[in-house]
Amino acid sequence: MHVFGLDYLTQTPMRLTKYTDYAMRLMIYLGSRPSGLSSIREISDTFSVSQNHMMKVVQDLANAEFLESVRGRNGGIRLARPTNEINLGALLRHTEGLTDLIDCHGCRIAPACALPSVLSEATAAFVAVFDKYTLADLVGKRSALGELLGFGGHSSR
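Position one of the sequence shown corresponds to residue 98 (my numbering), numbered consecutively onward.
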């Protein structure tokens, strides 16, 4: 369907950023891993993601207390809390920022337009689904994830 020259059938209406994608993969990896520390390099290699990008995600999530970072020769990263205490809605809010989906600044109809409130309600409903789940829900099949990630299926977190 073409409307105003845009092909709405090939566009994804709501899409998470790559940053959130990397953050979710990172958290699933750590939640599926047996106890111990993981390196940014091993996670980057596992998902074929730049180490620089992954390092930025790790630093941000460590600052937000989703992760613990241990410095030094034998250092690495791990979850800061058990998987059942890491809410996906909180993680999504942190990584996405969830600003307005459209910019109404300067729009002639903005004072009377209901679209921003509809989009705000839709965003709230989207995030409400994530609020129902924890990281434990995503790593529930640890043995399958662990095998795919190359480290078996037991985790202490």
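Note that beta-carbon positions come from the ideal geometry of N, C-alpha and C, so glycine has one too.
What you are looking at is a predicted structure, and each value in this text was computed from that prediction instead of being measured.
Supposed close pair residue i, residue j - CB separation, criterion 8 Å
i: N181; j: D228; result: Going by Cβ atoms, the distance from N181 to D228 rounds to 14 Å, so no, they are not a contact pair.
i: T296; j: Y126; result: Absent from the model: residue 296. The displayed extent of the chain is 98 to 254, so no value can be given.
i: P213; j: I199; result: 7 Å
i: G172; j: L134; result: 7 Å
i: R175; j: L158; result: About 11 Å; that fails the 8 Å criterion.
i: T220; j: L189; result: At roughly 10 Å, the Cβ-Cβ gap does not stay under 8 Å, so T220 and L189 are not in contact.
i: V155; j: S166; result: 7 Å
i: M152; j: I140; result: The pair is not a contact, with the Cβ atoms about 10 Å apart (cut-off 8 Å).
Helix, strand or coil at residue i [DSSP, three-state]
i: N160; result: helix
i: G128; result: helix
i: L176; result: strand
i: V167; result: strand
i: R122; result: helix
i: L245; result: helix
i: D142; result: helix
i: R254; result: For R254, the pLDDT reaches just 47, beneath the cut-off of 50, and the residue's location in the model is therefore unreliable, although a value from the coordinates is still provided. Here R254 sits in coil by DSSP.
i: T114; result: coil
First and last residue of the uninterrupted alpha helix (DSSP H) at residue i
i: G237; result: From DSSP, G237 is part of no alpha helix (DSSP H); its letter is neither H nor E.
i: P213; result: 212 to 228
Cβ shell of residue i (< 8 Å), same chain only, five flanking positions each side left out
i: A161; result: H191
i: R138; result: Q148
i: D234; result: L185
i: R112; result: none
Residues that DSSP places opposite residue i in a beta bridge
i: N184; result: T231
i: S135; result: I174
Proximal residues to residue i (C-beta, below 6 Å), its chain only, five neighbours per side dropped
i: H99; result: Caution applies to H99, whose pLDDT of 48 falls short of 50 and renders its modelled position unreliable; the model cannot decide the point.
i: T117; result: T192, E193
Close Cβ partners of residue i (< 7 Å) along its chain, the five nearest in sequence each way excluded
i: F248; result: R130, P131
i: S217; result: none
i: V146; result: Y119
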